[in-house]
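Chains A and B, in that order, are what the protein sequence lines are.
Just so we're aligned: the first sequence equals residues 75 to 346 in this note's numbering.
Just so we're aligned: the second sequence equals residues 7 to 592 in this note's numbering.
Ideal placement from N, C-alpha and C gives every residue a C-beta, glycine not left out.
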Amino acid sequence: MTAILTTKNVTKRFGGLVAVNSVDFQIPDQSIVSIIGPNGAGKTTFFNCITGFGKPDEGEIIFEGAPIHGLRADQISHLGVSRTYQNIRLFAEMTALENILVGQHTFLHASWISAVLGLPSVRKEEKDALNEAKRLLDFVGLKGHGDTLARNLPYGAQRRLEIARALATRPKLLLLDEPSAGMNPSESEDLTVFIRRLRDEVGITILLIEHHMRVVMGISENITVLDYGEKIAEGSPKEIQSNPRVIEAYLGRGAATEGMEDAHERHQKKGG
Amino acid sequence: MMNNTDKENFLWAAIKIGLLGGAVALFISLVGMAEVFSKRDVVEKTMTLGQFVLLAISVASGLLAARRAAALLDKPNAASQAAAGLVAGFFSAAILTLFVIIGAKINIRTVFLNASPGLYSMLTLNQGVSGVWILSAAGAVSGLLGALSLSLPNAVRRPLFHAILFIFFMALFSGLFRVVMINQSGFWEKTAKYLFSQTGMTRPGAAIFFALVAAISAFWSAKGQAIKTDVANLPKGGQIGLRVIAFAVIAFIALGLPLVSGAFIAQVIVIVALFILMGLGLNITLGFAGLLDLGFVAFYAIGAYTVGLLTSYGQYGLQHISFWAAIPLAVLVAMAAGFTLGLPVLGVRGDYLAIATLGFGEIVRLLAGSDFLAKYFGGPQGIIGIQKPCIGVLGEFTKVDVPRVCYSLFDAAKPGIELGTPQSIYYIAVASAILIAFVSWRLRESRLGRAWMAIREDEDVAEALGVNLIQTKLLAYMLGAAMAGLGGAIFATLIGSIFATSMQLIVSINVASLIIVGGMGSIPGVIVGAIALIGLPELLREVSEFRYLLYGATLIIMMLAKPEGLWPSKTTQRELHHLDAGTSAE
Numbered sequence: 075m076t077a078i079l080t081t082k083n084v085t086k087r088f089g090g091l092v093a094v095n096s097v098d099f100q101i102p103d104q105s106i107v108s109i110i111g112p113n114g115a116g117k118t119t120f121f122n123c124i125t126g127f128g129k130p131d132e133g134e135i136i137f138e139g140a141p142i143h144g145l146r147a148d149q150i151s152h153l154g155v156s157r158t159y160q161n162i163r164l165f166a167e168m169t170a171l172e173n174i175l176v177g178q179h180t181f182l183h184a185s186w187i188s189a190v191l192g193l194p195s196v197r198k199e200e201k202d203a204l205n206e207a208k209r210l211l212d213f214v215g216l217k218g219h220g221d222t223l224a225r226n227l228p229y230g231a232q233r234r235l236e237i238a239r240a241l242a243t244r245p246k247l248l249l250l251d252e253p254s255a256g257m258n259p260s261e262s263e264d265l266t267v268f269i270r271r272l273r274d275e276v277g278i279t280i281l282l283i284e285h286h287m288r289v290v291m292g293i294s295e296n297i298t299v300l301d302y303g304e305k306i307a308e309g310s311p312k313e314i315q316s317n318p319r320v321i322e323a324y325l326g327r328g329a330a331t332e333g334m335e336d337a338h339e340r341h342q343k344k345g346g
Numbered sequence: 007m008m009n010n011t012d013k014e015n016f017l018w019a020a021i022k023i024g025l026l027g028g029a030v031a032l033f034i035s036l037v038g039m040a041e042v043f044s045k046r047d048v049v050e051k052t053m054t055l056g057q058f059v060l061l062a063i064s065v066a067s068g069l070l071a072a073r074r075a076a077a078l079l080d081k082p083n084a085a086s087q088a089a090a091g092l093v094a095g096f097f098s099a100a101i102l103t104l105f106v107i108i109g110a111k112i113n114i115r116t117v118f119l120n121a122s123p124g125l126y127s128m129l130t131l132n133q134g135v136s137g138v139w140i141l142s143a144a145g146a147v148s149g150l151l152g153a154l155s156l157s158l159p160n161a162v163r164r165p166l167f168h169a170i171l172f173i174f175f176m177a178l179f180s181g182l183f184r185v186v187m188i189n190q191s192g193f194w195e196k197t198a199k200y201l202f203s204q205t206g207m208t209r210p211g212a213a214i215f216f217a218l219v220a221a222i223s224a225f226w227s228a229k230g231q232a233i234k235t236d237v238a239n240l241p242k243g244g245q246i247g248l249r250v251i252a253f254a255v256i257a258f259i260a261l262g263l264p265l266v267s268g269a270f271i272a273q274v275i276v277i278v279a280l281f282i283l284m285g286l287g288l289n290i291t292l293g294f295a296g297l298l299d300l301g302f303v304a305f306y307a308i309g310a311y312t313v314g315l316l317t318s319y320g321q322y323g324l325q326h327i328s329f330w331a332a333i334p335l336a337v338l339v340a341m342a343a344g345f346t347l348g349l350p351v352l353g354v355r356g357d358y359l360a361i362a363t364l365g366f367g368e369i370v371r372l373l374a375g376s377d378f379l380a381k382y383f384g385g386p387q388g389i390i391g392i393q394k395p396c397i398g399v400l401g402e403f404t405k406v407d408v409p410r411v412c413y414s415l416f417d418a419a420k421p422g423i424e425l426g427t428p429q430s431i432y433y434i435a436v437a438s439a440i441l442i443a444f445v446s447w448r449l450r451e452s453r454l455g456r457a458w459m460a461i462r463e464d465e466d467v468a469e470a471l472g473v474n475l476i477q478t479k480l481l482a483y484m485l486g487a488a489m490a491g492l493g494g495a496i497f498a499t500l501i502g503s504i505f506a507t508s509m510q511l512i513v514s515i516n517v518a519s520l521i522i523v524g525g526m527g528s529i530p531g532v533i534v535g536a537i538a539l540i541g542l543p544e545l546l547r548e549v550s551e552f553r554y555l556l557y558g559a560t561l562i563i564m565m566l567a568k569p570e571g572l573w574p575s576k577t578t579q580r581e582l583h584h585l586d587a588g589t590s591a592e
């Protein structure tokens, strides 16, 4: 299996703090991979390095055989990497459809002059874009909410809209930062099904940051564990669940008898 | 016992409201507004504008106190509300009364320049100190009337309110109407003299307007909804027909206006149109893309100077091309300036951006007016002798300080049409404003407009979605600058000369204010904002003296009461409506 994304020795520092410490990592094409780890383990920082939100201080990030670690976020997006955010970052004062249309920015070509002149080609392009946006809205189950301002959508709908917006960039690799945060068990179950559909039907490779162990264990083919910016384990869900280093990172030494999920949730409550 | 404490509460509340109103009244008296306003009549020989404003404060105090009483009392009744109104009205005049009494004993004019004998006599109706009882009584009665108006049925109160408001505005603008109508002579002149006096409205004029507006308002509140439904139910052809008629009427008025209005009104409209151009430009950078630019006047200046240098027949004229050829060049130069400003401040955000752009505006103004560059830009003397636009063929440039002659297109011996007056520039300015409003609208609906708004909302996320920040931000600066440059170019030809001193920071602040008052990112909002903040003060001599005081008050009130602006953009409007519908359904 070829890797769609490979990181070699990626390091990111904030002043004296090493947020991500020489992480080597691979995502096989067409797979669903998760990154887990306690709060502050550097997961989101690692995401930011991949998507161009902050360049890594050291190391390489190779996407489809080409280095992307020096590129701007918009260039990385062009290559086919898209993401969602831990704390939802929609364009609050724009409608749901407009949010998705921004995601299609790269695929629209009208210059400002032709837009002002209202050329037929521009009109066709806009019409197609709108249809595509409606299709995506439908796909994430938000049919009929197109004209609502993003900030007025309910929480769950905002999460789904963010995914629709990310899909509008036609990504090959989609990074989801805690997509099930704030969801109840049945909603997380739906999400799991939805993410699988993305991979199976659309053919997108998925990289997840996730705290809900039920989601992580149920969906991932491969899990990477970060702690204090370092990769401490990698493997299938089964391997991870029984890895003593992982249990130690989550629970502290000597607590290995407890169920991982309970402990994890307790940890979350304590941390958040 | 319980009831008793309640009663104290509501009267005490009335006193507080009254004193607050009194403080406002005292303030506008001491800044000189009351006295200036009293030179203008609302109704001739009956009430001056100054009296009207002061009484309005008392009426409003009474009304608010009565409302407050209704909220405070367990069982509100008309008598206690009236009492609250009376008390509030009395106290709203009490501070002024006290002021008149003190002013008669001690000379406070050394501190408050506007505490003049004229003010005292205005406040006491020329009765001297012994006339203060009139002031108190008038305040109390106004307060009472304000309170009583609450108990009137809506069908009466609303027409009354509309009629009084209309008379107020009519009185403010009576001078303008009078001049315009008298210019037409004959029937119009007679009508004008019947309706308007030299300083305001005549009594019959006021009565006619009052009756007319009250009747229309009453009719509309009774039948308006039915008419709206009827129009909505019209077949499609009928609706289009109505729109065509409405459009034709507006076009007819817009085209004919300068023919009857005279130079002054035309010039005011031109200035409003120029501010609309600047406003639309800043609306792109600030309203759409969220990039605060406090040096926006620089682009206006650059447009104006470009036209000046390219067309002037004075000593600083570089070329002597026609206005029409200079306009696109001015727009291009302004665009280039937008690019030049945009490049260094690309990575600068928020407050820092405001300061950086403010610096840019000042640099442009200081350079244009400096002795250092005086041999190019005329320094403090500015550039004079800017060629007027000519519809026809321009004659040769002969020598400095001699304008080029404008010949007819068809017959080189006959004079062409020179657009020298404000009335003729009006057409250029208004057409440009309409064109640019259209361009703004198309841009807003385009891919670029969405990218701008995405940057305004969250530029990191916009970038991660594939929006090239450098390109998109630079385009916002360039297109915004181009619109302001067009405004400056027309300004140069309107005035015929330009000076660096007219390109002050305050112009940029005015433009930013009009966008905020109109509604950020809203194209009609820019137009409404420019009319309210630029047009009205230009038209009203009395008001223009206190322009910035009223600006400040308007901005504060707007931010508190209607932060989305006078005419917010469509989505905001629809969303608010959507939310209302949502809550009422729940």
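Proximity to residue i [Cα-Cα], best of the options
i: B:Q57; options: B:L119, B:S86, B:I140; result: B:I140
i: B:A76; options: B:V65, B:L156, B:G531; result: B:L156
i: B:L359; options: B:Y126, B:F253, B:G192, B:L297; result: B:L297
i: A:R146; options: A:A323, A:K129, A:A140; result: A:K129
i: B:F383; options: B:A94, B:V162, B:A310, B:G149; result: B:A310
i: B:C396; options: B:G388, B:S44, B:T427, B:F366; result: B:T427
i: A:T76; options: A:K246, A:K82, A:P102, A:T85; result: A:P102
i: A:V276; options: A:L210, A:P228, A:Q232; result: A:L210
i: B:K381; options: B:G323, B:Y306, B:K405; result: B:G323
i: B:L561; options: B:S550, B:V549, B:A538; result: B:A538
Integer-rounded CB distance, given that residue j should sit under 8 Å from residue i
i: B:T317; j: B:I327; result: 6 Å
i: A:I106; j: A:I293; result: 6 Å
i: B:G24; j: B:V106; result: With 8 Å as the limit, B:G24 and B:V106 do not qualify as a contact, their Cβ atoms being about 17 Å apart.
i: B:D466; j: A:F127; result: 6 Å
Residue burial classification, residue i (beta-carbon count within 10 angstroms, cutoff 16)
i: B:Q190; result: exposed
i: B:N474; result: buried
i: B:W573; result: buried
i: B:P334; result: exposed
i: A:E332; result: Residue confidence is low: A:E332 scores 46 on pLDDT, short of 50, so the model does not pin down where it sits. No coordinate-derived value is stated.
i: B:L585; result: Below a pLDDT of 50, predicted positions are generally treated as unreliable, and B:L585, at 48, falls in that range; the measurement from the model is reported next regardless. Result: exposed.
i: B:S590; result: Reliability of the predicted coordinates at B:S590 is poor, the pLDDT of 34 falling under 50, and the value obtained from them is presented with this limitation in mind. Exposed.
i: A:Q178; result: buried
i: B:T235; result: exposed
i: B:A536; result: buried
i: A:H183; result: exposed
i: B:P543; result: buried
Closer than 8 Å at the beta carbon, the chain A residues around residue i
i: B:R456; result: M168, E172, L175, V176, H179
i: B:G481; result: First, the amino acid is wrong: residue 481 of chain B is Leu here, not Gly. Per Cβ cutoff of 8 Å: W186.
Residues that residue i contacts on chain B, provided the C-beta gap is smaller than 7 Å
i: A:S151; result: A470, L471, G472
i: A:V190; result: V445, R448, L449
Contact list for residue i against chain A, beta-carbon separation under 9 Å
i: B:A460; result: F165, M168, E172, N173, V176, H179
i: B:D466; result: F127, A147, R163
Per-residue contacts from residue i into chain B (C-beta, under 8 Å)
i: A:K182; result: With the sequence shown as reference, residue 182 of chain A is identified as Leu, and Lys is not the correct amino acid for it. Chain B residues near A:L182: R453.
i: A:R157; result: A470
i: A:R239; result: L471
Proximal residues of chain B, C-beta to C-beta of residue i below 9 Å
i: A:T125; result: A470
i: A:R146; result: E469, N474, L475, I476
i: A:T243; result: A470, L471, G472
Listed by chain order, chain A residues near residue i by CB distance under 7 Å
i: B:E463; result: F165, A166, E167, M168
Tell me, please, whether the stretch 516-532 of chain B touches the stretch 280-300 of chain B by the rule of three or more beta-carbon pairs shorter than 8 Å. yes
Decide if the stretch 450-458 of chain B is in contact with the stretch 471-491 of chain B; the criterion is three or more beta carbon pairs, one per stretch, under 8 Å apart. yes
Please determine if the stretch 494-504 of chain B and the stretch 264-271 of chain B are in contact, where contact requires at least 3 C-beta pairs separated by less than 8 Å. no
Taking 8 Å as the cut-off, does the stretch 206-222 of chain A touch the stretch 239-247 of chain A (at least 3 CB pairs, one atom from each stretch)? yes
Three Cβ pairs or more, each shorter than 8 Å: is that satisfied between the stretch 426-443 of chain B and the stretch 270-286 of chain B? yes
Should the stretch 224-239 of chain A be regarded as contacting the stretch 250-261 of chain A, the criterion being three or more beta carbon pairs within less than 8 Å? yes
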